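Working notes, structure below.
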Amino acid sequence: EKLSERLTQYYTSLGQQYTLQFDEAGFQALAADWAAQAPPEAEWSAMGMMSHAGHQMPKRAPPPAPPAPRASLDPQQVVVTYQGGRLTIEQCRPLLQANAPRSPEALRNFLFNQLCRQMLAPLEIGRLELLKIPALQEGLEKAKRRVLIRQLQAQMAAQVSQPNANAVRIYF
């Protein structure tokens, strides 16, 4: 929880430092388009629901169909501006994962965090030239080796079959 608070504070400071601002018209267009692409709700049963006593309950009406994506949506409409650039609807869509929220305010927070994580943090790393620090380079190499070792161990474990308990019992 403390990490989450500190990360949120860091993202807020990055947003201020790089003067990250949402263009309201562009964001509203993106939010409306994203909400229109909501995954369908669970399929409604044609038979209705059964009560605990086994009685047929009245059928519920299926949820209304989501609105179709707007044909007038301009993929080049600006959604976000920041010091040194801007992002359009087309460029923001890949940042929205399937689990991104559908409500506009939650989507704004989600997109803000994604922009800070995927764009502003790497810009800050480059600006501070953190990758040129020898101690940091050594730490990165060690982390890469650890990840590679874990991947190799997982591959080896997947390729080795589990011992047959019956064969072990017969042997001893």
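Here our numbering is used: the first residue of the sequence shown is 700, the next is one more, and so on. Built from N, CA and C at the ideal position, the CB exists for glycine as well. Please read all numbers here as calculations on a predicted model, not as lab measurements.
When secondary structure is reduced to three states using DSSP, Tyr-717 falls in the coil class, being assigned neither helix nor strand. Counting along the chain, Arg-807 sits inside the alpha helix (DSSP H) bounded by residues 803-814.
Annotated three-state conformation of Leu-829 is helix, per DSSP. Between the alpha carbons of Gln-736 and Ile-832 lies a distance of about 45 Å. Using a Cβ distance threshold of 8 Å, Cys-791 and Leu-729 count as a contacting pair. Residue range 784-787 is occupied by the beta strand (DSSP E) that includes Arg-785. In the three-state reduction of the DSSP assignment, Val-859 falls in the coil class. If you draw a 10 Å sphere on the C-beta of Met-818, you find 16 or more other C-beta atoms in it, and that means buried. Within the same chain, Cβ atoms closer than 6 Å to the Cβ of Leu-786 are found at Val-778 and Val-779, the five residues on either side in sequence being excluded. Beyond the five residues adjoining it in sequence on each side, Gly-725 comes within less than 7 Å, by CB distance, of Gln-776, Val-777, Val-778 and Ile-788 in the same chain, given in chain order. By the CB criterion at 8 Å, Leu-794 and Leu-810 fall inside the cutoff.
For the pair Leu-829 and Tyr-781, the CB atoms are not nearer than the 8 Å cut-off.
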